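For reference, the structure is listed below as structure tokens.
Protein chains: 2
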Amino acid sequence: MLSFRYTEAMNAPRTARERARIELTREILQAARRQLGEVGAVGLSLRSVARELGMASSAIYRYFASRDELLTALLVESYTEIGDAAEGADDPAARPAERWLAVWRGVREWSLANRHEYALLFGTPVPGYAAPHLTTQIAGRMPLTLARITADAKRAGLLDPPPAPVCDPSAITPEMLVLLEGMAFSVDETARLILAWNRLVGVIGYELHGHLENVTADDAAFFDYTARTAAAFNGIATG
Amino acid sequence: MLSFRYTEAMNAPRTARERARIELTREILQAARRQLGEVGAVGLSLRSVARELGMASSAIYRYFASRDELLTALLVESYTEIGDAAEGADDPAARPAERWLAVWRGVREWSLANRHEYALLFGTPVPGYAAPHLTTQIAGRMPLTLARITADAKRAGLLDPPPAPVCDPSAITPEMLVLLEGMAFSVDETARLILAWNRLVGVIGYELHGHLENVTADDAAFFDYTARTAAAFNGIATG
DNA sequence: AAGCCGCAAGAGCGGTGCTCTCGTTTCGGT
DNA sequence: ACCGAAACGAGAGCACCGCTCTTGCGGCTT
């Protein structure tokens, strides 16, 4: 993570040096993000970022202690963006089925426009890089948007899940259960939400990584079909 | 791909030189596979393979023209193994629901035991490495096993899919449609099979990459739940 | 027997992450 | 106003990577 000093100074830069540090840190992050979008996480090189900024490669280490630390900063940035995309696509005034589809499409659009960032979030872990445990506040915004839609539908009496196998409560983490039980979800509803989230991320990944290349002809149409399918499975009637 | 000469000689090694070449090629592949299992695809290094075999790094290039070519060989090997795992887990005499679960579990077990190979097949593409288009014969064995089970169930009159959104036929590739229509599947049944295959691979990836870390408590149980869910969605009644 | 050709090895190129040192600049406290 | 400490940028260097080119050895074929 960024050093304590840095996050501290972010809020109140007092000296010229601190302002310069914040500025340069931001520039490094911007350049890194640009390069991430071009060559992906494993192609991202500290030396290349340094070259772009006209500084020595060793100087970068004054700002990010390692390549992993830089990746983590990009990870947080990406989680925030995909959370924004999900929440921004949600119109709480619309009907549940429309909200569900809108959020799915919003997440897909962000992912298509930021495929390397998507890979950093949900793809194969970058070898040698152990992603830190991020807070639900950061990583959970996207899945929680789906939960919120479902909860609203349930509150409105519009939830009508089809018959499905029951899920053993012990299969799911207690934290997860209490989190969603706080939204009045049952174990099975929780399990179905996990599957929906898994489905959303999975089908985008398949489209992005080309595994659906000779399988689907119209990826957008197949994605919408998938979204409606997941909505129906979670009890949100497709209007 | 491997050179024509090599594949040619595989069947009829005539000279000592050719035998030695085949033998050494096999040893390189074995060492590479071992290292793949340890450090993953992007960590796999030709120089390290050469070191393990006690030869100069440049000598490897006599056998594999590039690192990508070596990766492709490992890709084919892995597809074959996961196809074996799927087909091997299938007992055509058993009931459809049991066959379905057995195949899912077989694929999961292979994946857990070969996580880096799984990542090579279904994970984020290795940057700079463009996976070749593999034949259905190689890459399609695993998903086709699921299709076969479903087809057998349908033939026996045991297929009973729940109501679900319909899929626009134009969303799916014509080749895919004719392939599965050859097994008497409708468009919707085909779409559901694609989703099932996607789900199987996706949920394993999530378990493998740690994205379900604080979500599921008993991964095997949640996986079985997922398998039963997918079976039901595809019309295979859970016994 | 002669020559061709497959082969392994070595050196080398440009790239990577990361470390250490060195001289400079800036900041904070006296 | 000054001085020590801390921060800083640059450079050299280490061990690694994929890949190429040259060189020389030794089996294989004609």
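Quick note, the sequences are listed as chains A and B, same order.
Residue numbers are given in this note's numbering: position 32 of the first sequence equals residue 32, and the series is strictly consecutive.
Residue numbers are given in this note's numbering: position 178 of the second sequence equals residue 1178, and the series is strictly consecutive.
Ideal Cβ positions, reconstructed from N, Cα and C, are used throughout, including at glycine.
On a predicted model such as this, the values are computed, not experimentally measured, just so you know.
- The C-beta of B:T1173 has 16 or more other C-beta atoms within 10 Å across all chains shown, which makes the residue buried.
- With a minimum length of 4 residues, the unbroken runs of alpha helix (DSSP H) contained wholly in the region 109-177 of chain A fall at 115-122, 136-139, 141-155.
- Pairing A:A227 with B:S1186, the inter-Cα distance amounts to about 20 angstroms.
- B:S1111 and A:N234 have their C-alpha atoms some 28 angstroms from each other.
- Residues are counted here when their Cβ sits less than 9 angstroms from a Cβ of chain A; for the region 1074-1107 of chain B the count is zero.
- When Cβ-Cβ separations below 8 angstroms define contact, B:T1226 makes contact with chain A.
- According to the DSSP assignment, B:R1019 belongs to the alpha helix (DSSP H) that extends over 1016-1039.
- Judged by their CB atoms, A:F122 and A:G43 are not nearer to each other than the 8 angstroms cut-off.
- Look at the beta carbons and you see the region 1095-1114 of chain B not touching the region 1042-1058 of chain B: under three pairs across the two are nearer than 8 angstroms.
- Ranked by Cα distance from B:T1229, the options A:Y225, A:G202, A:C167, A:D219 are led by A:C167.
- Per DSSP, the continuous alpha helix (DSSP H) segment holding A:V76 begins and ends at 67-89.
- Residue-level contact by beta carbon fails for A:G182 and chain B, as no gap is shorter than 8 angstroms.
- Any Cβ of chain A closer than 8 angstroms to the Cβ of B:P1125 would place that residue at the interface, and such an atom is present.
- Using a 10 angstroms sphere on the CB of A:D90, the tally of other CB atoms reaches 16 or more, which defines it as buried.
- Note on geometry: alpha-carbon atoms of B:K1154 and A:D224 lie some 27 angstroms from one another.
- In this structure, A:I194 sits near B:V1215, with a CB-CB distance shorter than 8 angstroms.
- Residue pairing from DSSP leaves A:T190 without any beta-bridge partner.
- In the DSSP assignment, A:S48 falls within the unbroken alpha helix (DSSP H) covering 46-53.
- A:T229 carries a helical assignment under DSSP once its states are collapsed to helix, strand and coil.
- Within 10 angstroms of the beta-carbon of B:H1133 lie fewer than 16 other beta-carbons, which makes it exposed.
- Nearest CB-CB separation between B:S1186 and chain A: not below the 8 angstroms threshold.
- Judged by DSSP secondary structure, A:I236 falls outside any alpha helix (DSSP H); it is assigned neither H nor E.
- Here A:A171 is near B:F1222, since their CB atoms are less than 8 angstroms apart.
- Flagged as an interface residue toward chain A: B:M1176, by a C-beta distance shorter than 8 angstroms.
- Non-local C-beta neighbours of B:L1024 in its own chain, meaning closer than 7 angstroms and more than five positions away in sequence, comprise Y1063, ordered along the chain.
- Interface criterion not met: the Cβ of B:I1149 is under 8 angstroms from no Cβ in chain A.
- Along the region 204-225 of chain A, the positions whose C-beta sits under 9 angstroms from a C-beta of chain B are G205, Y206, L208, H209, G210, H211, L212, E213, N214, V215, T216, A217, D218, D219, A220, A221, F222, F223, D224, Y225, read in chain order.
- In this model, A:A59 and A:S78 are separated by some 25 angstroms (Cα to Cα).
- Under the 10 Å beta carbon count, A:D160 is surrounded by fewer than 16 other beta carbons and is classified as exposed.
- A:R33 is not a Cβ neighbour of A:L75, given a cutoff of 8 angstroms.
- Under a criterion of Cβ atoms nearer than 7 angstroms, the residues of chain A adjacent to B:T1229 are, in order, A164, P165, L195.
- Per the C-alpha coordinates, the member of B:L1180, B:L1053, B:R1199, B:I1022 positioned closest to B:Q1035 is B:L1053.
- A residue is called buried once 16 or more other Cβ atoms fall within 10 Å of its Cβ, and B:A1016, having fewer, is exposed.
- Sorting A:S66, A:D68, A:D152 by C-alpha distance to the C-alpha of A:P96 places A:D152 at the top.
- Proximity of B:D1168 to chain A, defined by a Cβ-Cβ separation below 8 angstroms, is satisfied.
- Across the structure, B:Y1061 and B:R1141 are spaced so that their CA atoms are roughly 31 angstroms apart.
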